[in-house]
Amino acid sequence: MSMEVVPPPTYSFNGDTSPPTSPSPSEDLVSAQSHSSSIPAGTDVAALEQLSDVVDATSQPPDTPSGSSAPNQYYPGYPYPLPFPQRRPAPSTPVSSEARISAFPDHKFEPATPLLRRLSNSTTTTSSTSAAQPKLNPTNYVSVFRKTHKRGFSFSRLHAASIKGTFAVNPFLEIPATLLSPLPPGEPTRKNLLLKVENGGIDVDVHLIGEPTPNAPPASSFRVPSASAVFVSVSIRQHTPTLRRPPFRATLVSKNGFTSLHLPASFHGLLTVRVAAGDLNNRISLSAALGAHATILSEDSTSRAYFIGALETGRWEGDRAEMRVERGRVRVQFSGGGERDLDGLRRVGWEWMGF
């Protein structure tokens, strides 16, 4: 199969509308060079120049100056070159490399807060949201015991037993004896709050509720023992500042791991820390705010006693806090009040471990 392309017809122009009288090939105006040197006699040159000016004015872009060195183009059937169409020049203002699609509106995304900053501000966030905290049901003589059962080797994450939550303790609340659990072995008296975990973690907030006008306020006892506690946090806050809270006794026992105690700003009493092994300076840490109100009363190779608050003469019946750790570290600080919570980073790691 073959195909033959037929060339387009050619036209000649000699100044009038009558057909050419000479069949000479030189009269064919397909080539512009055959007419650039010789123009047929009798041609009105003035008319041709006027027509050329009109064609130039209509074919030249409006922003291309006359007499420019733009390339020319020859059109069949016309003896004079015409300027090649030019593009509009680029705008003088710089064009931004960014392209915005108007179909999609701009959205404001909140940048992610760094982990360390989020953890350091956790205490401030807790204090700011404490006013909006839901009402807690008061209780008394609470006893919770949990244990992590050992299992064989496994690649899965360990789901250790833990105690987490918030407790509102009212030491003046009377609970019927039939509703109370029996005393655990080795406990001669019943504690207002007793938490115990074997091979697990404890992370709790304790709110102590006071009595309006008590004649003889009893001492509230909190005991948080743990055979292998990874995290212990006791934060005692006063819900009704106008009411007088009773003095309390808090005891934290941990075999190993990290133990943290958050005391209320109204704490006024004795703080005793006992560490079975290790240097006390490396094992015991007090926050800057609490250390400013702490006075060392006694120290030996395994224990150190502080008095938090101003020492007064006479008989003292105030708060007591005792921490007993065999192999681990201890940190004590105030709860809220802008204290920097350095336990948050540890808490993230322990939550990943399952505590």
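If you count by our numbering, then the sequence shown holds residues 79 to 433, one letter each, in order. Built from N, CA and C at the ideal position, the CB exists for glycine as well.
Would a C-beta distance cut-off of 7 Å place Arg405 and Thr380 closer than the cut-off? no
Exposed or buried, which one is Ala328 when buried takes at least 16 other CB atoms within 10 Å? buried
Closer than 8 Å is the cut-off here; do at least three beta carbon pairs connect the region 240-249 with the region 262-275? yes
What does DSSP give as the partner residues of Arg407 in its beta bridges? Phe336
What do you reckon, are the CB atoms on Tyr384 and Leu330 nearer than 7 Å? no
Between which two residues does the alpha helix (DSSP H) containing Leu368 stretch? 366-369
Our contact map puts Ile280 next to Ser240 with C-beta atoms below 8 Å; I'd like the distance itself, whole angstroms only. 7 Å
Thr256 (DSSP reduced to helix, strand or coil): helix
Burial state of Ala399 (16 or more Cβ within 10 Å): buried
Tell me the DSSP secondary structure of Arg323 in three-state form. coil
Ignore the nearest five residues each way along the sequence and tell me which others in Ala372's own chain have a CB closer than 8 Å to its CB. Leu349, Leu364, Tyr384, Phe385, Ile386
Work out the CA separation of Val284 and Thr256 for me, nearest whole Å. 25 Å
Below 7 Å between beta carbons: does that hold for Asp251 and Asn218? Here residue 251 turns out to be Leu, not Asp, going by the sequence shown. Yes, they are a contact pair.
Can you look up Leu389 in the DSSP assignment and give me helix, strand or coil? coil
So, using beta-carbon positions, are Ala286 and Phe326 closer together than 7 Å? Strictly speaking, residue 286 in this sequence is Leu, with Ala absent from that position. Yes, they are a contact pair.
Assuming Gly444 and Gly396 are in contact, meaning their beta carbons sit under 8 Å apart, how far apart are those beta carbons, in whole angstroms? A query on residue 444 cannot be resolved here, the shown segment of the chain reaching from 79 to 433 and no further.
Using the three-state DSSP reduction, which class does Leu358 fall into: helix, strand or coil? helix
Going by CA-CA distance only, name the one from Asn359, Pro249, Thr391 that's closest to Glu377. Asn359
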